[in-house]
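See structure below.
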Amino acid sequence: MNLNDLLIWMSARVKGSWQQFRSAVEEFHVEPENTGEDRENTDDVTWSDLPLYQAVRLSLQRLGHVEFFSASGEDWRVVPPSLAITKQGSQWVGVVCGARPPYLSGLLNQLSSAISWDSQEIPDMPDRIRIAALDLQVLCQAATDMGLAVQKDAPVSILAAIPPVDDPRSRFPKEAPGVPGWTVERFSALKLRWEGADSGDVEHTKNGLFRFRMKYQRFHFLRWQGRSFQVQVQVGKYAVLRHHRIRKLVSYNSNQAILSVPVTCRPPLLMERALVLCSGILPRIDKASGLLKYTEIPRDVAQLAAELLRQEIQII
Amino acid sequence: MTGETKILLLLFLAAGVVFLIFWRGKRRRRQEEAAAEAARPPEDSGAVEPAPVEVFPEQPAEEAAAKTARPPEDSGAVEPAPVEVFPEQPAEEAAAETARPPEDSGAARQRKHSRKKPRKYGGLAHKPPEPQEMGTVVSRGEGEDTKRDRSLPIEIRLLERGGFCTVSLIARRSSSLPEDLAVVTQSGVLDLRALQEEWYQDVTPSDIASILRDGAVWSQEGTNSHCNWSLSGRELYVLAERTDLRGYVSQARLELGRKHAVLCSENLRETIEEAIRAAGAEPAAVFDASLGAPAGWVVFKGILPTIPVAPTEEADILNALRPLAKIDISLDGGIRLEYTTWIEGYPPLIHVYGDPGHTDEVLIDGRVAKYVEDGAYQAPGWDSVGSHNIWCGGTRKTYSIEPFSAFWERWDAYVFPAAYGLNKNLSICGPLVQVKSGELSSQTVSIVVPETNPVLLGSVSGHYVVASRVSAVRGCPCISSPSFRPVWALPRDPLHCDKEAVFILLVGDELSPDMRGLDCRGASHSEGTDIDSTYIDLWCRKIMDASRKGLRTKPNNERIQGLWHSYKREARRIWRARK
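Residue numbers (this note's numbering), protein chains in the order written: chain E, 2 to 317; chain Y, 1307 to 1885.
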């Protein structure tokens, strides 16, 4: 049992509750294979549960297979089968995302010789399926014939659609909880870690990111120019880093096409999805350097991502 | 009518209502006492008030009716009381009842008898299922008569107190049934009162000995619903403790490791004792008629079976005393869609656990299953679409396989305003990005173009749209979801751009200008497909301006240049025609 079965089950159910998802993770005996996946995952969530469910959820979400707690109101809902196309060298490559019906492999086997495809087993994620062709129109037509929605230049399209971390559209005005019982921490932009604080600090801080924890609940509040906003933790971190003029966290290896960020500073979810869709593979953690590495990233995508994070990209 | 008379009348009515409430409360208490009485040992029951008539329908009809309908002595002249005896009756019937003397009412009830004959219990059969045709799909409820009367079971309950036992009948209740109702039985009408959500209070008719032997069918009285309760008659009952009711309640058979009581007729006593011993049990106590058992019946209590006994294939009443070996049929793995349904292509692995002496033959859909390498059982067609059943040593389990079937729609998982002051939103769902403007929500997926070339043109004159720029960050492209297939991306102002750095970009299929259905001015002939003339002008002007500036195409090969020239010619022609 693995994440492939889970994805087929979710594809058959189309949408469902968090409880059903958790039960399915349990039933399909999904076990984390890559124990290097650090606890930073739990930092990204604003509510509680076991890390395994969260890790699976985040993997599926980053890969663009399933959306969780989205604007549609469902706890989870499968993305329609789609092909995220990017240009890699001389050919166009599409990563299969979303619902994965069991008959898909049969359809892939019937593709014309002008199109190649491969399915790769990778730990902690459903098999990566890629379809490639030299001609974009041929690839698009084949995808349409298989019932896949097509998104050309998927990583760039996503990055073009999301506001930068310091844009007001990335945050929502909301006051931090005033009631006692919360453990309050403040993000240190210099040390890139959370440090103890108290709720009084929130009001007296003009710019800063605070984390409120109670049992399994976590909320993140950004103080920006003396006002409080609720933000995604990653957005808040990069906004604070920008404020403190810490701008050299993102590096890019142009030879290997690898984008790296500190493991404690993951990009926001949709930005991460854009980076992941370049290769269809989740980032890996380099324990030696403490960096999170995204592979097969084209230079223009790396530069745009860094711009949206308000970072200066260091090209190696 | 004077005011005083009105007040007196109101006072009289109020007194009547107060009395009615008091009388109903008193009657309810009496019924509860009667029900409790039924569970008491015989010598206790003599010391209390006689139980209400509905518990003992064998009383003389007139007396019973009189007791039921008669208000308490202190009720005086209050007449409406009899109506309250039948709260579930329709209003008209109740009104007619009011006008009738109470005795008539009681007699009428007594005359009601159930004509339905109870069934006779034939014993449990353990025949393995017959092979079914492969690929047979049996849908739920198939072949069932939807108009069939609802039927609920009557169970047997055994209570023990102070060395005496009481045997009673306890009727099942469903959520749709009222708290109080009357049922027509073979010997008259019985009133049932809810004990819990799922049970009515148990009753002990005086002819319980014959009911146990011959069975009973009760029908709900006085409503249009057709709810029946049934008990099939037999000479042997197996009872066990339950979590929701005190005492012992009837069930199908003995189970290993569980405490039971067995109620059987006197003439089967020796056979039953022998069967109980064969199951490795010894009764801890025996009750006969002198200790509360119904006349001609005997109760064995404290039976704890320890040895499985193979049941006979044919129906045999003694199969109820043959506990099945503990066999667990387990459906593992596969992709279970819900409950007992698996997805085609991902069937469950069928494992059978338990006593090896009883698991040698496993049948799937009536066919002998083979033990395959991974410890699972398989038979021909076991993984085909449809319903399947597994049988092993009397234990059954069912599962079904359904073809994969799902439909996925695109929806807005994340929505952002495209820019302040613009009536446009950006929607993201997985890798799919769309730009949506107020009224026009195009279903086409977005296209990104460099910030230098935000103008998108299609193959039809007037297919013109300007892509949006969501953020001001350097190098961020523009994005649009045009309702047409874009061919070219041009600069916003072709005449004032750097022609060394800015190009005419081919962004879609190499479509030739499509002038079908358009007149010489580029306007549409067909109704409903009109394109705003402003966009036709813009389409023409942008193409002519880009040509006038001498911008190069990208890719800049002969074929693309030729395609661009055809657009240029078409734009000039339309422009002249519109002058």
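Glycine included, C-beta positions come from ideal geometry on N, C-alpha and C.
Q) Quick one: Cα of alanine 1375(Y) to Cα of alanine 1595(Y), how far? A) Bear in mind that a pLDDT of 35 at alanine 1375(Y), under 50, signals an unreliable position, so the number given afterwards is only what the model happens to contain. Approximately 33 Å between the Cα atoms of the pair.
Q. Mind pulling the chain Y residues with CB within less than 9 Å of leucine 309(E)?
A. Within chain Y, Ser1777, Val1779, Cys1782 have C-beta atoms less than 9 Å from the C-beta of leucine 309(E), given in sequence order.
Q. Once you ignore the five residues that flank valine 245(E) on each side, which residues in its own chain have a CB closer than 8 Å to its CB?
A. The sequence shown places histidine at residue 245(E), rather than the valine named in the question. Excluding positions up to five away in sequence, the list reads Ala190, Leu191.
(Q) For serine 290(E), tell me which candidate among Asp6(E), Val262(E), Leu276(E) has the shortest Cα-Cα distance. (A) Val262(E)
Q) Which stretch, first to last residue, makes up the alpha helix (DSSP H) that contains serine 1853(Y)? A) 1839-1855
Q: Identify which residue in Ser73(E), Leu4(E), Ser60(E), Ser83(E) has its Cα closest to the Cα of serine 18(E).
A: Ser73(E)
Q: Give me the Cβ distance between isoleucine 1813(Y) and leucine 1857(Y), rounded to the nearest whole Å; I'm assuming they're in contact under 8 Å.
A: Inspection of the sequence shows that residue 1813(Y) is occupied by valine rather than by isoleucine. Their Cβ separation, rounded to whole angstroms, is 14 Å, which puts valine 1813(Y) and leucine 1857(Y) out of contact at 8 Å.
**Q.** Bounding residues of the beta strand (DSSP E) (the contiguous stretch that carries arginine 219(E))
**A.** 218-225
Q.
So with CB distances below 9 Å, who are the chain E contacts of valine 1739(Y)?
A. Gln152, Ala155, Ser158, Ile159, Ala161, Ala162
Q: Measure the Cβ-Cβ separation of leucine 1669(Y) and proline 1434(Y) and say whether it is below 8 Å.
A: yes
Q) In whole angstroms, what is the alpha-carbon distance linking histidine 1(E) and proline 268(E)? A) Past the edges of chain E, shown from 2 to 317, lies residue 1(E), and the structure says nothing about it.
Q | Span of the beta strand (DSSP E) around methionine 215(E) | A | 209-215
Q | asparagine 1731(Y): first and last residue of the uninterrupted beta strand (DSSP E) it sits in | A | 1730-1735
Q: Quick one: measure Cβ to Cβ for arginine 1463(Y) and aspartate 1508(Y), integer angstroms, because I've assumed they're closer than 8 Å.
A: Sure, about 5 Å apart at Cβ, within 8 Å.
Q) Where does lysine 1423(Y) land, buried or exposed, given buried means 16+ other C-beta within 10 angstroms? A) exposed
Q: Give, in chain order, every unbroken run of the beta strand (DSSP E) that is at least 3 residues long and sits entirely within the stretch 1573-1650 of chain Y.
A: 1591-1593, 1603-1609, 1633-1638, 1642-1644, 1647-1649
Q: Inspect the CB distances between the stretch 295-302 of chain E and the stretch 134-151 of chain E and report whether three or more fall short of 8 Å.
A: The stretch 295-302 of chain E, when compared against the stretch 134-151 of chain E, does not touch it at the 8 Å Cβ threshold.
Q | chain E contacts made by the stretch 1717-1733 of chain Y, where a contact means CB separation under 7 Å | A | Flagged, chain order: Trp1717, Asp1718, Ala1719, Tyr1720, Val1721, Phe1722, Pro1723, Leu1732.
Q: Report the neighbours of valine 1691(Y) on chain E: residues whose CB is nearer than 8 Å to its CB, in chain order.
A: Here the premise fails: no neighbours, minimum Cβ distance about 13 Å.
**Q.** Best match in Tyr1683(Y), Glu1436(Y), Ala1321(Y), Glu1864(Y) for proximity to glycine 1672(Y) [C-alpha to C-alpha]
**A.** Glu1436(Y)
Q: Using DSSP bridges, identify the partner residues of proline 174(E).
A: In the DSSP secondary-structure assignment, proline 174(E) is bridged to Phe230(E).
Q: Scan the stretch 124-176 of chain E and note each continuous alpha helix (DSSP H) run of 4 residues or more that stays entirely inside, going in chain order.
A: 137-146, 155-162
(Q) According to DSSP, is tryptophan 1717(Y) part of a helix, a strand, or is it coil? (A) coil
(Q) Classify isoleucine 1842(Y): buried if its beta carbon has 16 or more other beta carbons within 10 angstroms, exposed otherwise. (A) buried
Q | Simplified DSSP assignment, three categories, for isoleucine 1785(Y) | A | strand
Q: Within the same chain, show all residues whose beta-carbon is closer than 6 Å to that of proline 1459(Y), passing over the 5 residues directly before and after it, in chain order.
A: Arg1478
Q) Which residues bound the alpha helix (DSSP H) around leucine 278(E)? A) For leucine 278(E), the uninterrupted alpha helix (DSSP H) run begins and ends at 270-280, by DSSP.
**Q.** Integer Cβ distance of alanine 1682(Y) from isoleucine 1656(Y), believed to fall under 8 Å
**A.** 5 Å
Q. Secondary structure at valine 46(E), three-state DSSP: helix, strand or coil?
A. Annotation note: pLDDT 36 at valine 46(E) (below 50); position unreliable, no value reported.
(Q) By DSSP's criteria, phenylalanine 1722(Y) is part of a beta bridge. Which residues make up the other side? (A) Leu1732(Y)
Q.
Please confirm whether cysteine 1(E) has its beta-carbon closer than 8 Å to some beta-carbon of chain Y.
A. Absent from the structure is residue 1(E), since the part of chain E shown begins at 2 and ends at 317.
Q) Does the stretch 1607-1619 of chain Y come close enough to the stretch 1636-1651 of chain Y that 3 or more CB-CB pairs lie under 8 Å? A) no
Q. Apart from the five residues just before and just after tryptophan 1697(Y), which ones in its own chain have a Cβ nearer than 7 Å to its Cβ?
A. Taking C-beta separations shorter than 7 Å and ignoring five residues to either side along the sequence, the partners of tryptophan 1697(Y) in its chain run Pro1434, Pro1435, Leu1669, following chain order.
Q.
Distance cutoff 8 Å, beta carbons only. Does glutamate 313(E) sit that close to anything in chain Y?
A. Look at glutamate 313(E): its C-beta is not under 8 Å from any C-beta on chain Y.
Q: Give a yes or no on contact between the stretch 1705-1712 of chain Y and the stretch 55-62 of chain E, applying the rule of three or more CB pairs nearer than 8 Å.
A: no
Q. CB-CB under 7 Å to serine 1743(Y), same chain, minus the five flanking residues each way: which ones, in chain order?
A. Asn1729, Lys1730
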